[in-house]
Structures are given as structure tokens and as C-alpha cells.
Amino acid sequence: MPVDCLFCKIIAGEIPSHTIYEDEKTVAFLDILPVSVGHTLVVPKAHSENLLEADPEDANAVLATMQKIAPVLRVALEADGMNVGINCGEAAGQVVFHTHVHMMPRVAGTPRSFEHKSVSQEELAATAEKIRAKM
Ligand code: 5GP
Ligand code: ZN
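Numbering (our numbering), first residue to last: 6 to 140.
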């Protein structure tokens, strides 16, 4: 694992996160600066820079996890839809260089903003708990 990779450290449990799902190949945890309630990052456990460079098996595992947790996010958060986002490379806005996919649940009739908002740890913990309860 690269010494300075933030998400490798989260996966290893060296940095705390609000994890909502984990399996052999992937982890899903809440984004610390969500653009919507329940904004989730799905990552492969194996390090790669971004989805276009990941081992296809890891990329497929990420997709499988997304399909598994999407209905749970929708039910837990009463979301009607979901933006799915992947930034590959600095020029595309990638900031953390460990493969991840953004899942941004949306409730019909609410603003579809992509602005990152600062929320309290308590709020993130409550959202994660709500999601895990439906997993
Ligand atoms: P990118 O722009 O690389 O696609 O997105 C990286 C995401 O990681 C951003 O949405 C940012 O809010 C999130 N992020 C940055 N640092 C942390 C952290 O320490 N913990 C968590 N859970 N998310 C983070
Ligand atoms: Zn990494």
C-alpha cells in the first residue's frame, strides 16, 4: 500500500470512517464532505489510482457493491434516484488517488447540488446507522 494513501489508511482502519458495507474486495463508507445525505464512496480494497487503472476484477467488485447497496440507500434515505460519479485524474477533479465511485442519493424535489457540505460527525454517524439498519 502506498504510504500516503488516505483511502488505504481508511480501509486498514488507521483512519476512522463511517463504513456502511464491507466484503472481501470492497468497502463503502460515507464521504466526509457530502454533496447529499448518504453520499457514499465505494472503493476496492486493493490500491489503484482510479477506476480506469484498476484491475478489472476490482472494478467489477466495485460495481457489484454499488448494485448491492443502491437499493439499501434508497430505502434507508427515502431517496428517489442517485447520481453516480467517477473522477479520473487531477484534471477531472480527482483529489484522492485511490479508486472510488461516488454514490449521491437524491430525493425528488430537493436541490441537486454538487457542492460539498461540512456536516458533524454525529450527523454522519446517524446517517450511517440508518443505512446499516437496512443492510
Ligand atoms: P474525488 O474528488 O477524488 O473524486 O473525491 C474524493 C472524495 O473524498 C471527496 O468527495 C472528499 O469529500 C472525500 N474525502 C476526502 N477526505 C476524506 C476523509 O478523510 N474521509 C472520507 N470519508 N472522505 C474523504
Ligand atoms: Zn490506496
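We treat Cβ as the ideally placed atom computed from N, Cα and C, and that holds for glycine.
Helix, strand or coil at ALA51 [DSSP, three-state]: coil
Boundaries (first-last residue) of the beta strand (DSSP E) holding GLU27: 24-27
Distance CB(ASP36)-CB(THR45) smaller than 8 Å: yes
Neighbour-count burial assignment, LEU78, 16 or more Cβ in a 10 Å radius: buried
Three-way DSSP call (helix, strand, coil) for VAL89 in this model: strand
Alpha-carbon spacing of GLU27 relative to ALA131, whole angstroms: 18 Å
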